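Read the structure below first, then the notes.
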Amino acid sequence: MNRIVDNSEESLIRAGDIIRNGGLVVIPTETVYGLGANALDADACAGIFAAKKRPFFDPLISHISSLEMLETLIKPPSHFIIKLIERFWPGPLTVVARKTDSVPSIVTSGLSSAAVRFPAHPDARKIISYAGVPVAAPSANLFGHLSPTRAEHTLELGTEVELIVDGGPCSIGVESTIVREHEGQLYLLRPGGISKELIEEVSGQYLLIPDGNLIDAPGRLPSHYAPSSRVIIIEEGESVPAELAEKSCLLAFRNGRPEGHFRCSAVLSQSGSLVEAASNLFNALHLLDEHNPEVIYAEQTPQTGLGLAIMDRLKKAAAAAVSGFNCR
Ligand code: TXA
Ligand code: MG
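Each residue of the sequence shown is one higher than the one before, counting from 2 in the numbering used here.
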């Protein structure tokens, strides 16, 4: 049976019903596809960890479709967080704040905080409101694999997933930016779809990078988001010896470099737009990976704007290759 369905009203209602009744559904969002379950149902959320083969120490983000749902998940947040919510929701921002007793501990990996996001994708919002409950949803890939930005990327998940709703290619293409307030300071737990610079401008605060001891920032594994092929980061325009290039693929940032002898190549953005590059990143890695290259040589992008999230994902993919994390 083909589990991928269109995003008709009927499909969205069915997706909401499955989630409310404890099942698993792949839902489209503007960042990446999510594997959704009822965030208030511990058994349903355990199913997410099993389907993804995800370790229990990596907590889940709960997705909402109204601000009333927020109150069931977290205690009143600080004014910095409220400012960010007012400006960026619905959208690719996740906030972490003190959790309420309604959130099962499996969702937060036992932490006293919970992560919440109000997605902008109209299908995600409808599915959540038809479900009538907040929806816990990590990216809909096997743990450590590339994130899915198209419905077909999620087919690697097993038959535990009852339905995959196709809402088209994800417009942002990298996961949400995760921000947490701690003792009057804002911390960037993960760079993502909203740039660090914009969050700093709106909040009037510098975003600090957690050092691991000060605040809980789980899930920040050095290796992650990995294709099957090895990833090596190179400088823009850096040449690769012909005998290596022949067996390898190139992920170029923008147009303009000679392709040389690469087996295949992809350009993230002809014009060098970091927003466009982010939206193409995971799909390009999926496509290059299908050629089974010995190496995917990925050109560096600037680390400003969405470039920070792009380079974060590429560095984690490259680290996975070094640690052998992604051996077939
Ligand atoms: O864009 C996104 O955020 C996507 C879509 C589906 O919404 N979701 C996503 O979820 O990226 P996931 O599971 O791949 O990332 C969840 C991460 C965890 O790895 C952890 O870093 C952070 O969110 N997180 C969740 N709860 C947390 C908490 N209580 N404290 C600190 N970090 C938390
Ligand atoms: Mg993920």
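Heads up, the beta-carbon is just placed ideally off N, CA and C, and yes, glycines get one too.
For clarity, every value in this text was computed on a predicted model and none was experimentally measured.
Leaving aside the five residues before and after Ser103 along the sequence, list all residues of the same chain whose C-beta is less than 8 Å from its C-beta, in chain order. Here Ser103 has Leu41, Thr73 and Leu74 as same chain residues with Cβ atoms under 8 Å from its own Cβ, once five neighbours each way along the sequence are excluded.
Find out if the Cβ-Cβ distance for the pair Leu282, Ile235 is shorter than 8 Å. In this structure, Leu282 lies away from Ile235, with their beta-carbon atoms at least 8 Å apart.
Just tell me which of Leu164, Thr155 and Thr150 has its CA closest to the CA of Val175. Of the listed residues, the one whose Cα sits closest to Val175 is Thr150.
Runs of beta strand (DSSP E) wholly within the segment 295-322 (minimum 3 residues, chain order): Qualifying beta strand (DSSP E) stretches, in chain order: 296-300.
For Lys127, which option in Ser114, Gly168 and Glu87 has the closest C-alpha, if you only look at C-alpha atoms? Selected option, being the one with the closest Cα: Gly168.
If we call anything under 8 Å between Cβ atoms a contact, is Glu161 one with Ala51? The Cβ-Cβ distance between Glu161 and Ala51 falls below 8 Å.
Just checking, does the segment 240-248 make contact with the segment 138-150 on the three C-beta pairs under 8 Å criterion? Not touching, per the Cβ criterion.
In angstroms with no decimal places, state the Cα-to-Cα distance between Lys316 and Thr305. Annotation: Lys316 to Thr305 spans about 15 Å, alpha carbon to alpha carbon.
Determine the burial state of Asn327: buried for a count of at least 16 other Cβ atoms within 10 Å of its Cβ, exposed for fewer. In this prediction, Asn327 scores a pLDDT of 40, lower than 50, which makes its location untrustworthy; no coordinate-derived value is stated.
Mind checking if Tyr298 is an interface residue toward chain B, Cβ cutoff 8 Å exclusive? Here there is only one protein chain, and chain B is not present.
Contacting residues, own chain, Cβ-Cβ under 7 Å from Leu71 (five flanking each side not counted): These residues qualify, in order along the chain: Ile65 and Val117.
Other residues of its chain near Pro78: CB distance less than 6 Å, five sequence neighbours each side excluded: So the qualifying residues of the chain are Ala98.
Smallest Cα separation from Gly308: which of Gly194, Ala132, Ile179 and Ile20? Looking at the Cα atoms, Gly194 is the closest of the given residues.
Helix, strand or coil at Tyr131 [DSSP, three-state]: The answer is helix: DSSP assigns Tyr131 an H, G or I state.
According to DSSP, simplified to helix, strand and coil, what is His179? The displayed chain sequence assigns Ile, not His, to residue 179. DSSP places Ile179 in strand when its eight states are reduced to three.
Reducing DSSP to helix, strand and coil, say where Ser140 ends up. Reduced to three states, the DSSP call for Ser140 is strand.
For Ala1 and Ser266, I'd like the C-alpha separation in whole angstroms. Residue 1 lies beyond the residue range present for the chain, which begins at 2 and ends at 329; the question has no answer from this structure.
Please return the same chain residues whose Cβ sits closer than 6 Å to the Cβ of Ile62, not counting the five positions on each side in sequence. Spatial neighbours of Ile62 in its own chain (CB-CB distance under 6 Å, excluding positions within 5 residues in sequence) are listed in chain order as Thr95, Ala116 and Arg118.
Who are the Cβ neighbours of Ser130 in its own chain at under 6 Å, not counting the five residues just before and after it? Ser66.
Rank Ser172, Tyr226 and Val203 by C-alpha distance to the C-alpha of Glu31 and give the top, closest one. Comparing C-alpha distances from Glu31 to each of Ser172, Tyr226 and Val203 shows the shortest one belongs to Ser172.
Going along the chain, which unbroken runs of the alpha helix (DSSP H) with 4 or more residues stay wholly within the segment 231-261? Taken in chain order, the unbroken stretches of alpha helix (DSSP H) that lie wholly in the segment 231-261 and span 4 residues or more are 243-246.
Can you find the residues in the same chain that come closer than 6 Å, C-beta to C-beta, to His262, ignoring five residues on each side of it along the sequence? Apart from the 5 residues on each side of it in sequence, His262 sits with its Cβ closer than 6 Å to the Cβ of Ala243, Ala246 and Glu247 in its chain, given in chain order.
Hey, how far is the Cα of Arg55 from the Cα of Glu277? Distance between the alpha carbons of Arg55 and Glu277: 30 Å.
Where does the unbroken beta strand (DSSP E) through Thr155 begin, and where does it stop? Premise fails: Thr155 is in no beta strand (DSSP E) and is neither H nor E.
State the start and end residues of the unbroken alpha helix (DSSP H) segment that holds Cys46. Residue range Ala43 to Lys53 is occupied by the alpha helix (DSSP H) that includes Cys46.
Residue environment, Asn8, which counts as buried when at least 16 other CB atoms sit within 10 Å: It counts as buried.
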